[in-house]
Amino acid sequence: MRSSSPTDPTPKAKEIALSLSLSLVHQHRLDLVLDYLLIMFRRKHSSNDDLDNAAPQEEKVKELRAAIGPLSGHSLMFSDDACLRRYLVARNWNIDKSKKMLQETLKWRATYKPEEIRWHEVAVEGETGKVYRADFQDREGRSVLVLRPGKQNTSSHDNQLRHLVYLLENAIINLPDGQEQMIWLIDFTGWSLSNSVPIKTARETANILQSHYPERLAAAFLYNPPRIFESFWKIVKYFLDPKTFQKVKFVYPKNEESMGVMHKNFDPEILPEEFGGKSKVQYDHDEFSKLMSKDDVKTASFWKPDEKTTLVAPEPAHFVAQAS
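For my numbering, count along the sequence shown from 1 and bump the result up by 1117.
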């Protein structure tokens, strides 16, 4: 018999190695199962035709307006025809589902009051420039939010969400005429699992964006995420509905194809260097604060109700009958 050499693994080492190997196998199988369930979920929720055999879109908007009944104040101002159309699109033109989604948003807005958040309340969250509205737009003129998760500087779940909601509202109010959607640019420089936002915050962020700002995101470009982000993404992606998931684009600076997608959407001359562009402009918190203070005045003026927005009468009864 061959005698054991000092370098031969001990029975305990063999047991640990076998355990690790089995763990990797189980993890791989779990990933396959989760991916399969995700595919089935998306097939189920994306199988509905948008509006192939239904009434024209404008009739659907009227039906939804009748279904939600009379509104007043900020709820009425929020629920214009374009808003109702976005909720219908988000729910594949299903009146009942769109109504439920919109009512939940109106309830959320009535308590959270996103239109009343002011910059001085959340400015501390923006000191490092972890989220801000860019001073440039994409090639279609849409507002751009820059997110730099590696610049995380606080630990307050509630304040982080209020800061993000404030900037979502700001991006929307700064959209040019004819545009309803914004772009997210996410820079992963300095990001690691140790400084990433908690899963709870990531989940709530996805919920707010999908549930209360449907069809506001045109695309989210994740620029140069590290390999370890894949572990984080495996969890986060299950919080996203199919429509949102399809808007997420991974961009790698050494990949010509993905950079081509980036430059198709942005002029390299105005795109910051951290996103593969040529602009050397850096975030300046003081200057951004001045801009937000001016925008706060614009926001307050926009949301000030007048005598024209006190109440709207429900549509004729036949629309209500169709909606139900």
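Just so it is clear, CB atoms sit at the ideal spot from N, CA and C, and this is done for glycine as well.
Alpha carbon to alpha carbon, how far is residue i from residue j?
i: lysine 1323; j: glutamate 1176; result: The residue you asked about is not lysine; residue 1323 is alanine in the sequence shown. Approximately 30 Å between the Cα atoms of the pair.
i: glutamine 1277; j: valine 1263; result: 15 Å
i: methionine 1376; j: valine 1368; result: 6 Å
i: glycine 1190; j: histidine 1280; result: 24 Å
i: aspartate 1275; j: alanine 1319; result: 12 Å
i: serine 1418; j: glutamate 1232; result: 11 Å
i: glycine 1246; j: lysine 1217; result: 36 Å
i: tryptophan 1236; j: leucine 1205; result: 32 Å
i: threonine 1303; j: tyrosine 1340; result: Sequence check: residue 1303 is isoleucine here, not threonine. Those two C-alpha atoms are separated by around 6 Å.
i: lysine 1407; j: arginine 1344; result: 37 Å
i: proline 1389; j: leucine 1285; result: 21 Å
i: tyrosine 1400; j: glutamine 1174; result: 42 Å
i: isoleucine 1234; j: histidine 1329; result: 16 Å
i: leucine 1141; j: lysine 1411; result: Reliability of the predicted coordinates at leucine 1141 is poor, the pLDDT of 46 falling under 50, and the value obtained from them is presented with this limitation in mind. Straight-line Cα distance between these residues: approximately 54 Å.
Is it right to say residue i is buried, meaning 16 or more other beta carbons lie within 10 angstroms of its own, or is it exposed?
i: alanine 1251; result: buried
i: arginine 1265; result: buried
i: serine 1309; result: exposed
i: lysine 1381; result: exposed
i: threonine 1306; result: exposed
i: proline 1331; result: buried
i: serine 1163; result: Because serine 1163 sits at a pLDDT of 44, beneath the cut-off of 50, its placement in the model cannot be relied upon, and the following sentence gives the value as read from the coordinates. Exposed: under 16 other Cβ atoms inside 10 Å.
i: glutamate 1373; result: exposed
i: glutamine 1269; result: buried
i: valine 1414; result: exposed
i: alanine 1207; result: buried
Would you kindly check if the distance between the Cβ of residue j and the Cβ of residue i is under 8 Å?
i: valine 1241; j: threonine 1271; result: yes
i: arginine 1259; j: methionine 1299; result: yes
i: lysine 1364; j: alanine 1337; result: yes
i: proline 1370; j: glycine 1393; result: yes
i: threonine 1416; j: isoleucine 1316; result: no
i: tyrosine 1249; j: phenylalanine 1349; result: no
i: valine 1178; j: leucine 1201; result: yes
i: leucine 1181; j: serine 1215; result: yes
Taking the continuous alpha helix (DSSP H) assigned at residue i, which residues delimit it?
i: tyrosine 1204; result: 1198 to 1207
i: lysine 1317; result: 1316 to 1329
i: tryptophan 1350; result: 1346 to 1353
i: threonine 1271; result: Segment: none, threonine 1271 is in no alpha helix (DSSP H) and carries neither H nor E.
i: lysine 1177; result: 1174 to 1185
i: aspartate 1412; result: 1402 to 1419
i: phenylalanine 1195; result: 1190 to 1195
i: proline 1359; result: 1359 to 1362
If I follow the unbroken beta strand (DSSP E) through residue i, where does it start and stop?
i: tryptophan 1301; result: 1299 to 1304
i: phenylalanine 1338; result: 1334 to 1340
Do residue i and the ligand FAD come close, with the Cβ less than 7 Å from some heavy atom?
i: histidine 1237; result: The ligand FAD is not among the ligands present in this structure, which contains no ligands whatsoever.
Which runs of the beta strand (DSSP E) spanning at least 3 residues fall entirely within the region 1220 to 1263, listed in chain order?
1248 to 1250
Counting only runs of 4+ residues fully inside the region 1364 to 1389, write out the alpha helix (DSSP H) ranges in chain order.
1373 to 1382
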